[in-house]
Each structure stands twice: as C-alpha cells, then as structure tokens.
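As you go down the protein sequences, you meet chains G and P in turn. The first sequence runs 61 to 217 under the numbering used here. The second sequence runs 51 to 546 under the numbering used here. Before any comments, here is the structure.
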Amino acid sequence: MQARSTGAIAVALGIVAVGLVVGYETTQISLSPAYSKVGPKAFPTMVSVGLVILGLALLWQAWSGKWTAEEEDDAQPTDWRALGWLGFGLVFNVALIGILGFILASTVLFASVARAFGSQRPVRDLGIAFVFSAVCYLGFVKVLGINMGAGVLERLF
Amino acid sequence: MDTLGQLAQGFGVALTPMNILWSFVGVVLGTAIGVLPGLGPALTIALLLPLTYKVDATGVFILFAGIYYGAMYGGSTTSILLNTPGESATIITALEGNKMARRGRGGAALATAAIGSFVAGTIGTLGLTFLAPIVVDFALKFGPAEYFSLMILAFVTVSAVLGNSAIRGLAALFFGIWLGLIGVDLQTGQARFTFGILELLDGVNVIIVAVGLFAVGETLYLAARHRYGQDEILPVKDSLWMTREDWSRSWKAWLRGSLIGFPIGAMPAGGAEVPTFLSYFIEKKLSKKPEEFGHGAIEGVAGPEAANNASAAGVLVPMLTLGLPTSATAAIMLSAFQSYGINPGPQLLMTQGNLVWGLIASLYIGNVMLLVLNLPLVGLWVKILAIPAPLLYGGILVFATIGTYGISQSPIDLILLYLIGGIGFLMRKYDFPTAPVIIGMILGPLAEQEFRRAMTIAQGDVTVLFTRPLSLTLLILAALAVLSPYIYRWWMRARS
Chain G
61 MQARSTGAIA VALGIVAVGL VVGYETTQIS LSPAYSKVGP KAFPTMVSVG LVILGLALLW
121 QAWSGKWTAE EEDDAQPTDW RALGWLGFGL VFNVALIGIL GFILASTVLF ASVARAFGSQ
181 RPVRDLGIAF VFSAVCYLGF VKVLGINMGA GVLERLF
Chain P
51 MDTLGQLAQG FGVALTPMNI LWSFVGVVLG TAIGVLPGLG PALTIALLLP LTYKVDATGV
111 FILFAGIYYG AMYGGSTTSI LLNTPGESAT IITALEGNKM ARRGRGGAAL ATAAIGSFVA
171 GTIGTLGLTF LAPIVVDFAL KFGPAEYFSL MILAFVTVSA VLGNSAIRGL AALFFGIWLG
231 LIGVDLQTGQ ARFTFGILEL LDGVNVIIVA VGLFAVGETL YLAARHRYGQ DEILPVKDSL
291 WMTREDWSRS WKAWLRGSLI GFPIGAMPAG GAEVPTFLSY FIEKKLSKKP EEFGHGAIEG
351 VAGPEAANNA SAAGVLVPML TLGLPTSATA AIMLSAFQSY GINPGPQLLM TQGNLVWGLI
411 ASLYIGNVML LVLNLPLVGL WVKILAIPAP LLYGGILVFA TIGTYGISQS PIDLILLYLI
471 GGIGFLMRKY DFPTAPVIIG MILGPLAEQE FRRAMTIAQG DVTVLFTRPL SLTLLILAAL
531 AVLSPYIYRW WMRARS
C-alpha cells in the first residue's frame with residue numbers, strides 16, 4: 061500500500077464541502093409556484109449530489125492510498141518563497157490598482173513574478189516592467205479603447 | 051445551394067482585405083502563442099473576447115480560427131527544439147522530433163511537421179466543408195431530449211474518458227457546471243448562488259475562469275515547481291529541405307494521420323491527444339525502420355503532427371453544426387457566439403451562412419499563410435523562445451490583469467480571478483484536468499435549458515430521455531464510454 065497523501069485527502073474533503081455548500085445554497089433559491097415540475101433547483105441539486113458523491117469517492121481513494129497524485133517528483137518540493145513573491149504581487153495588484161492605477165500596480169506585479177521565477181535583477185525587472193505596463197496601457201486604453209480606470213500616472217496621458 | 055457554391059461565397063467573404071488582415075493577425079498571433087510555453091489558444095481567445103463588443107462577428111471568428119490553427123503549428127516548433135511541448139496535443143511530436151533535432155536533423159523535423167500540418171489542415175478543412183451540411187441535416191431532427199442526451203455524451207467523454215481519472219475529470223466538470231449556474235436563472239429570473247454579491251448576478255465571466263485557470267493557476271504551478279527555463283533550445287543546423295527519403299517516409303504518414311485525426315476530432319468526444327497517440331503507434335507498427343523509433347524517426351513526427359491538425363479541424367464540426375464544444379478553445383469560441391446573440395446549433399449554417407462559410411474559407415487561406423510563416427520564417431519564432439521565463443510570466447500576469455480588470459474595473463473580478471487561479475493551481479498539483487471546467491461552464495447552462503425544455507414538452511416525464519430511440523442510443527453510448535474500461539478489466543480477470 062502506498063502512503064496516504066494528506067493533501068489529497070484535504071482536496072477530496074474540499075470537493076465534498078463545495079458540494080454541500082451548493083446543496084445548502086440550492087435550498088435557499090426561492091421558488092415561484094408557476095414552475096412546479098423542473099424549476100431552477102433541479103440542475104443545482106444534481107450538481108450538488110454529484111460533487112458530494114465524487115468527493116467521497118476521491119476521499120476513499122486518497123484514504124486507501126490509491127490516489128496520492130503528487131506526480132513523480134518528491135525531489136522538488138513546493139517552493140514557498142516563489143509562491144510568496146507571486147502572492148505578494150497579486151495581493152499588491154488587487155489592493156492598489158484602484159488607488160495607484162494600472163501602470164504602477166502592474167509594474168510591481170510584473171517585478172514580483174519575475175522574482176518568483178528566480179530573477180536576481182530587481183532594478184532591471186522594475187524598469188522592464190514599467191515600460192511594458194506603460195506600453196500595454198497606451199495600447200489597450202488609447203488604441204483599443206478598453207477602460208482600465210484612472211491612477212497616479214494615468215492622469216498624465 | 052450546393053456546398054461548393056456556398057464555399058465560393060465564403061471565399062468572397064474571407065478574401066476581403068479586412069478579413070485577410072484578421073486572418074493574418076490570427077495566424078501570426080496563434081503561432082507566437084503556440085511557440086511560447088505557458089500560453090495556449092484557449093487563454094488567448096479568452097483574453098480577446100472583449101473584441102466581440104467592437105468588431106463584427108465574421109472578423110472576430112476569422113481571427114479566432116487563425117489563432118486556433120496557428121497554435122497547432124507553433125506548438126510543434128517548441129516540441130521539436132525545446133522538448134517542452136507548447137500544447138498538450140504536441141507531446142507526441144516531442145518524442146521523435148526532439149531526438150531528430152538532437153541528431154542535427156531539426157530542419158527536416160520542422161519541415162515535415164509544417165508541411166504535414168498543412169496537408170492535414172487542408173484535408174481536415176475539406177472534411178469540415180463537406181461533413182458540416184450532412185451533420186446539420188441530421189441534427190435538424192433533434193428535439194430537446196436528443197440534445198440533452200448528446201450533451202451528456204459530450205460531458206462524459208471530455209471529462210471521464212480523456213485524462214487519467216474519470217472521477218477527477220467528472221469532479222472538474224461538475225465544478226464547471228456549477229460556475230455556469232451562478233447568476234440569474236434566465237427562465238424564472240431567480241438569483242442562484244450569488245452569495246449576496248451584486249457582481250455575481252450576471253454570472254461568472256468565462257474570461258475570468260479561463261484566465262484564472264490557464265494563466266494564474268499555471269504560473270503559480272510553474273513557480274512552485276521550478277518548471278521553467280531548464281531546457282536548452284536546440285539550434286537548427288541542417289537545411290529545411292527534406293531529402294527524397296524524408297518525403298517518401300513522410301507523405302503516407304501525413305495522409306494516415308489526417309485520416310485518423312479528423313474523424314476522432316469530429317466525434318462529440320473530441321480531443322487531439324488520442325489521435326496523436328494512435329497515429330504514433332500505427333506509424334511505429336507500419337514503419338520499415340521501426341528501430342529508429344525512439345531515436346528520431348521522421349514518421350513519428352509526420353503522422354502525429356498531421357493527426358493533431360486534422361483533429362483541430364474536426365473539432366469545428368460539432369462546434370459549428372451542433373453548438374457542441376469538445377475542447378476548452380471551442381467552448382470559449384462558443385461563448386463568443388453567445389456574446390453576439392447568435393445561437394450556435396443546426397440553424398447556424400442557414401441563418402449565419404456568410405459567417406460560417408467565410409470562417410471555413412478563411413481556414414484554407416490561413417493554412418497557406420501558416421505554411422509560409424512556419425517554414426521560411428521559423429528562425430523568427432525560435433527567437434521568441436529565447437524570452438527568459440521571469441519576464442515571460444511577468445508579462446502573462448499583466449495581460450491577465452488587463453483581461454479581467456478591463457471588463458468592469460471591479461476589484462471583485464480580480465479577487466475572483468485569483469481565487470480561481472488558486473483552484474487551478476491545486477487542480478494542476480493534484481492532477482485534475484482543467485478543460486472540463488470550461489466546457490461544463492459553457493455547456494452546462496445550455497444542457498439545463500434543453501433538459502427543462504424536454505421536461506416541459508413531456509410534462510415532467512423523465513422517461514422521455516429513454517423512450518425516444520435516438521436519445522436512448524446517445525445515453526447508452528455515454529454509459530458505455532464511462533463503464534467500458536471497468537467492464538473490460540472485469541472481463542479480462544474473469545477469463546484468466
């Protein structure tokens with residue numbers, strides 16, 4: 061028997077939980093009496109039942125060690141530093157895009173992603189990121205007319 | 051009007067300067083994203099969906115079709131020179147193609163891949179041209195019950211049959227269907243699964259889900275795994291001209307690959323991986339030099355590449371005739387139809403004849419452009435491969451931000467994007483397929499609609515699905531697709 065993977069068990073439980081949430085939310089859909097036969101609840105009910113059953117099946121597979129899923133390489137454990145940099149970039153972006161504007165928020169996002177992918181030249185990355193973001197802004201907003209919101213630098217254009 | 055007449059009319063549409071330009075932009079962009087690891091046609095088309103608000107439908111679909119075909123060509127270049135398949139359908143190409151490049155025969159490998167793609171793409175487009183009207187005639191007999199059963203068959207095959215685990219595939223599919231159900235129910239006006247968030251009343255945008263899974267999720271996965279930038283790019287030392295022996299070993303493989311790829315792609319199951327595997331094993335069996343397989347046999351590049359491109363044309367058959375997408379890319383193209391208020395289905399060929407035939411004609415034109423772009427200009431694409439991973443993925447995430455924040459300038463959309471990105475990361479890590487999420491999300495609500503229609507006609511009698519012969523046949527096929535591996539295993543065990 062193979063070793064159990066706690067991660068796989070957690071994922072299976074997560075799927076069961078999503079199924080239960082879907083089921084609970086389905087009961088909250090108010091029903092108009094005109095639709096008695098197949099209303100807006102029928103499909104959500106099927107989805108909920110399906111997710112719970114599939115989640116339980118995966119739970120059984122994970123528990124009995126048939127599904128460890130972590131692919132081949134234990135030689136390369138998850139790189140939490142890289143994920144940390146990526147997470148920082150994403151959170152910074154969502155938190156400050158409304159205040160600083162697209163160009164500055166994207167510059168920081170780009171540079172953090174580059175860092176996450178092992179780049180050791182933050183100054184060069186920030187420079188490239190700034191030029192790239194500004195060109196994107198001009199291209200998408202001024203040429204294609206997509207609204208990217210206002211910001212500190214955006215007002216200058 | 052006969053098929054050829056309609057095709058001629060389609061060429062009239064596709065050959066206008068504006069549409070030639072769209073096709074050109076499409077194939078160039080498609081080749082570029084096909085070459086780049088980490089970017090695929092589904093993600094690119096999703097990012098370009100906002101164009102549907104500004105450009106006419108014909109132009110947009112010619113652009114999307116160019117991207118779709120171009121990505122198939124570009125993917126093979128990466129597989130051959132980098133051994134990192136750009137697309138899942140070109141994994142097989144890497145087997146022999148990369149070995150050929152290592153032996154200094156990269157030029158011949160690129161040539162047989164590009165010419166084979168052209169031959170197969172043209173054969174596949176011919177198949178599409180003549181098969182589409184036939185399928186439409188047949189599909190006009192379908193009622194809601196048959197449609198629902200057909201969708202069940204497609205659901206089952208794309209999630210349970212392809213991929214490593216039927217259970218994980220189905221879980222991905224159900225998750226996608228649930229995402230598709232979020233928002234106001236069109237028939238009753240009831241809000242479903244909105245959790246009190248106003249932004250969710252309109253439903254979850256497919257752009258956010260596709261970008262979340264394919265851009266954010268993929269980037270997180272690669273960063274966490276250090277799966278980037280380790281492979282060297284092999285230089286092309288030999289000429290791109292194939293020798294007489296190369297030609298004689300390639301042309302039969304191209305034809306066989308096309309004949310395998312197109313029908314499999316055109317089935318409601320779809321998928322380009324299966325035909326490439328099949329073609330590889332058939333070529334290995336038939337080859338006069340089977341000992342070369344594993345060390346760079348040219349048939350092992352020619353056949354699977356042809357199968358890959360022919361199946362790409364095949365996938366367009368159920369998409370354009372039945373409104374049935376069998377790949378993530380096709381599902382996103384279907385949502386573009388919806389954004390124009392066009393109902394994809396058997397009526398499409400009649401109501402939007404110019405659009406569909408213009409699209410098909412543009413595929414012939416695009417194939418010629420792709421052959422030119424990918425053979426003499428291959429050096430240009432190799433340069434794209436040299437972009438360092440940190441900058442490439444930084445750029446991809448900035449594009450992801452533009453694609454989502456540009457929809458409504460709402461931070462909720464970005465938060466949703468990252469949530470789905472996180473889910474995409476877990477799905478990659480725990481080996482769940484992601485395409486069923488997109489297909490379930492687009493096709494799920496359509497299936498629900500057909501189901502409720504069928505139930506209204508049958509006055510709530512579910513047995514209608516089993517008493518109509520065509521519907522029953524489709525459901526039996528779906529059941530067989532799921533159960534046959536188990537039955538087969540049980541039968542083998544019982545025999546021994």
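Yeah, the Cβ is synthetic: ideal placement off N, Cα and C, and Gly gets one too.
Item: Going along chain G in order, which residues have a C-beta closer than 9 Å to the C-beta of P:I465?; Value: V154
Item: In chain order, what residues of the same chain have a beta carbon less than 7 Å from the beta carbon of G:L80, not counting five sequence neighbours either side?; Value: V112
Item: For my contact list, P:S329 and P:G174 are in at a C-beta cut-off of 8 Å; report their separation, rounded to the angstrom.; Value: Incorrect: roughly 13 Å between the Cβ atoms, too far for contact.
Item: Rounded to whole angstroms, what's the CA-CA distance from P:S129 to P:G147? Just pull it up for me.; Value: 7 Å
Item: Please list the segments of the alpha helix (DSSP H) lying wholly inside the stretch 142-208 of chain P, counting only runs of 4 or more residues, in order along the chain.; Value: 156-189 and 194-206
Item: By DSSP's criteria, P:A241 is part of a beta bridge. Which residues make up the other side?; Value: P:V234
Item: Please state the DSSP three-state secondary structure of G:G220.; Value: Summary: the structure shown does not reach residue 220 of chain G, with chain G confined to residues 61 through 217, and so no result is reported for it.
Item: How about P:F235: is its C-beta nearer than 8 Å to some C-beta of chain G?; Value: Per the sequence shown, residue 235 of chain P should be read as Asp rather than Phe. Yes, its Cβ sits closer than 8 Å to a Cβ of chain G.
Item: Flag G:T66 as yes when its Cβ comes closer than 7 Å to any non-hydrogen atom of the ligand FAD, and as no otherwise.; Value: Among the components of this structure there are no ligands whatsoever, and the ligand FAD is therefore not found.
Item: Check the Cβ of P:E498 against every Cβ in chain G and list those closer than 7 Å, keeping chain order.; Value: F103
Item: Spatial neighbours of P:M560 within its chain, please: C-beta separation below 6 Å, excluding the five flanking residues on both sides.; Value: Outside the displayed span of chain P (51 to 546) sits residue 560 of chain P, for which this structure offers no information.
Item: With 16 other CB atoms within 10 Å as the buried threshold, where does G:S124 fall?; Value: exposed
Item: Might you give, ordered along the chain, the residues of its own chain that have their beta carbon closer than 7 Å to the beta carbon of P:L93, omitting 5 neighbours on each side?; Value: A260, V261, F264 and A265
Item: Kindly provide the ranges of any alpha helix (DSSP H) runs that are 4 or more residues long and lie completely inside the stretch 359-433 of chain P, ordered along the chain.; Value: 378-389, 398-401 and 403-424
Item: Determine the direct distance from the alpha carbon of G:L73 to that of P:L469, and round the result to whole angstroms.; Value: 18 Å
Item: Considering just the uninterrupted stretch of the alpha helix (DSSP H) at P:V110, what are its terminal residues?; Value: A107 to L132
Item: Under 8 Å, do P:G84 and P:G116 count as touching if we go by C-beta distance?; Value: no
Item: To the nearest whole angstrom, what separates the beta carbons of P:L223 and P:F205, a pair I think is in contact under 8 Å?; Value: 6 Å
Item: Going by DSSP in three states, P:D52 sits in which element: helix, strand or coil?; Value: coil
Item: Output, in chain order, the set of chain P residues within a Cβ distance shorter than 9 Å of G:F200.; Value: I452 and G456
Item: What's the call for G:V212, buried or exposed, on a 16-neighbour Cβ count within 10 Å?; Value: exposed
Item: Could you list which residues in chain P have their beta carbon closer than 8 Å to that of G:G125, in chain order?; Value: Those within 8 Å of G:G125 in chain P number zero; the least Cβ separation is about 15 Å.
Item: Give me the Cβ distance between G:G110 and G:V76, rounded to the nearest whole Å; I'm assuming they're in contact under 8 Å.; Value: Not a contact, Cβ separation roughly 11 Å.
Item: Using only CA atoms, which one of G:A142, G:G67 and G:V82 lies nearest to P:G444?; Value: G:A142
Item: Any Cβ of chain G within less than 8 Å of the Cβ of P:G253?; Value: no
Item: Can you check whether the CB of P:Y119 is closer than 8 Å to the CB of P:G171?; Value: yes
Item: Any residues in the stretch 81-98 of chain P with a beta carbon nearer than 8 Å to a beta carbon of chain G? Which ones, in chain order?; Value: none
Item: Of the residues P:M150, P:A163 and P:D235, which one's Cα is nearest the Cα of G:T86?; Value: P:D235
Item: Rounded to whole angstroms, what is the Cα-Cα separation between G:A135 and G:S65?; Value: Because the pLDDT of G:A135 is 49, which lies under 50, any placement of that residue in the model is unreliable, and the question is left without a value.
Item: So for G:I89, helix, strand or coil by DSSP?; Value: coil
Item: Taking DSSP as the reference, what is the three-state secondary structure of P:V324?; Value: helix
Item: Quick check: the Cα distance between G:W145 and P:A273, rounded to an integer number of angstroms?; Value: 10 Å
Item: Do we get a CB-CB distance below 8 Å when we pair P:R539 with the residues of chain G?; Value: no
Item: Identify, in the order they occur along the chain, each residue of the same chain with its Cβ nearer than 6 Å to the Cβ of P:N417, setting aside the five sequence neighbours on each side.; Value: F168, G171 and T172
Item: Measure from the alpha carbon of P:A82 to the alpha carbon of each residue in P:G456, P:L441, P:M505 and P:K433, then state which is nearest.; Value: P:K433
Item: Identify, in the order they occur along the chain, each residue of the same chain with its Cβ nearer than 7 Å to the Cβ of P:N255, setting aside the five sequence neighbours on each side.; Value: I457
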